[in-house]
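Student: Residue numbers (the working numbering): 13 to 292.
Glycine is no exception: its CB is placed at the ideal position from the N, C-alpha and C atoms.
I'd like to ask some things about the structure below.
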Amino acid sequence: MTTSVTGATIRADLLGLGLIGPGLPSWDAAQAVLRGEAAADTAERTVVPVPMRLPPAERRRAGAAIRIALAAAEAACAHAEADPATLATVFASSSGDGANCHALCETLAAEDPAARLVSPTRFTNSVHNAASGYWHIAVGSPEASTSLCGFDGSFAAGLVAALTQLRPDAAPVLLVASDTPYPEPLHATRPLPDTMGVALLLAPAGPGEARCWLGAALLPAERAGVPTRCRDAGLEALRQAIPAAQALPLLEALARRLPAVVVLPVSPAQSLRLVLEFPA
Numbered sequence: 013m014t015t016s017v018t019g020a021t022i023r024a025d026l027l028g029l030g031l032i033g034p035g036l037p038s039w040d041a042a043q044a045v046l047r048g049e050a051a052a053d054t055a056e057r058t059v060v061p062v063p064m065r066l067p068p069a070e071r072r073r074a075g076a077a078i079r080i081a082l083a084a085a086e087a088a089c090a091h092a093e094a095d096p097a098t099l100a101t102v103f104a105s106s107s108g109d110g111a112n113c114h115a116l117c118e119t120l121a122a123e124d125p126a127a128r129l130v131s132p133t134r135f136t137n138s139v140h141n142a143a144s145g146y147w148h149i150a151v152g153s154p155e156a157s158t159s160l161c162g163f164d165g166s167f168a169a170g171l172v173a174a175l176t177q178l179r180p181d182a183a184p185v186l187l188v189a190s191d192t193p194y195p196e197p198l199h200a201t202r203p204l205p206d207t208m209g210v211a212l213l214l215a216p217a218g219p220g221e222a223r224c225w226l227g228a229a230l231l232p233a234e235r236a237g238v239p240t241r242c243r244d245a246g247l248e249a250l251r252q253a254i255p256a257a258q259a260l261p262l263l264e265a266l267a268r269r270l271p272a273v274v275v276l277p278v279s280p281a282q283s284l285r286l287v288l289e290f291p292a
């Protein structure tokens with residue numbers, strides 16, 4: 013991966029991927045759909061695995077937003093056969109834990125003042141870096157972590173953040189982008205149809221075997237080109253509905269293992285232009 017995001021050139025490798033979403037239970041299981049060999053069944057609801065790395069008490073307290081992020085992170089590490097305790101991380105989510113936000117709003121809106129007491133667990137899980145905290149505690153990682161929100165451009169913003177942290181003498185960086193729906197009435201204002209998580213393990217270029225090399229540049233939207241759409245109609249509908257699914261055009265290109273250019277929107281004013289190359 014080469015990037016001019018910060019004005020410098022950085023070469024890095026893509027080592028592993030994790031994917032969990034509607035009709036996309038894993039990266040391996042989604043290959044046929046991503047390559048165009050089968051139609052996407054995005055009506056199939058996402059099944060979020062239980063985060064077995066967490067102790068039983070924390071496992072019970074972790075909501076869907078934490079579980080999906082940890083599951084995607086776990087899958088990418090397993091794909092790359094990487095030790096998660098050695099990895100810096102970037103966690104990106106457009107909305108954080110919508111269900112927990114809803115529960116907090118209900119509690120604070122109660123008519124009885126005595127019913128407005130917020131539980132410590134709900135408060136702990138309300139912060140945007142809750143998933144990052146659970147992950148680093150679960151895997152015993154002392155490495156740096158960044159949590160961010162870029163609204164609908166959260167995946168691309170997270171990828172920019174991960175790229176700018178890569179250094180020749182540094183450990184790989186794990187990017188995790190995930191989203192979960194809000195309950196009503198917030199869902200009517202911010203409708204997300206289902207839960208989805210995507211993770212990429214990125215490393216500085218080295219002598220090891222890479223799955224893919226990318227060239228990346230953060231450009232004004234008009235210079236970067238039109239955002240890349242998915243080839244599959246079902247995946248395209250998903251891309252437009254869930255911010256984490258903005259990764260799908262990139263995943264389609266990775267599954268096909270053909271040189272490609274992918275444009276991902278970061279904001280109305282900026283886009284991330286990716287050029288994919290594959291080792292022979």
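#1: Could you check what DSSP says for Glu289 in three-state terms: helix, strand or coil?
#2: Let me make sure I understand the geometry here. Which of Ala211, Asp164, Gln177 has the alpha-carbon closest to that of Glu155?
#3: Going by the beta-carbon positions, is the gap between Thr58 and Asp206 smaller than 8 Å?
#4: Three-state secondary structure (DSSP) at Thr14?
#5: With DSSP as the reference, label Thr54 as helix, strand or coil.
#6: Residues in the same chain with beta-carbon distance under 6 Å from Val188, minus the five sequence neighbours each way, listed in chain order, please.
#7: Can you grab the Cα-Cα spacing for the pair Gly19 / Gly48, in whole Å?
#8: Checking 8 Å against the spacing of the C-beta atoms, do Ala77 and Ala143 come in under that value?
#9: Whose C-alpha, out of Leu247, Gln43, Ala183, Ala236, is nearest the C-alpha of Val274?
#10: Could you have a look at Ala74 and say whether DSSP puts it in helix, strand or coil?
#11: Among Leu263, Ala281, Arg128, Gly152, which one has its Cα closest to the Cα of Gly33?
Tutor: In terms of the structure at hand:
#1: strand
#2: Gln177
#3: yes
#4: The predicted position of Thr14 is uncertain, since its pLDDT is 41 and thus under 50; a value taken from the coordinates is nonetheless stated next. Three-state result, Thr14: strand.
#5: coil
#6: Ala81, Ala84, Ala85, Phe103, Ala211
#7: With a pLDDT of 38 at Gly19, under the threshold of 50, the predicted position of this residue should be treated as unreliable, though the coordinate-derived value follows. In a straight line, the C-alpha of Gly19 is about 36 Å away from that of Gly48.
#8: yes
#9: Ala236
#10: coil
#11: Leu263
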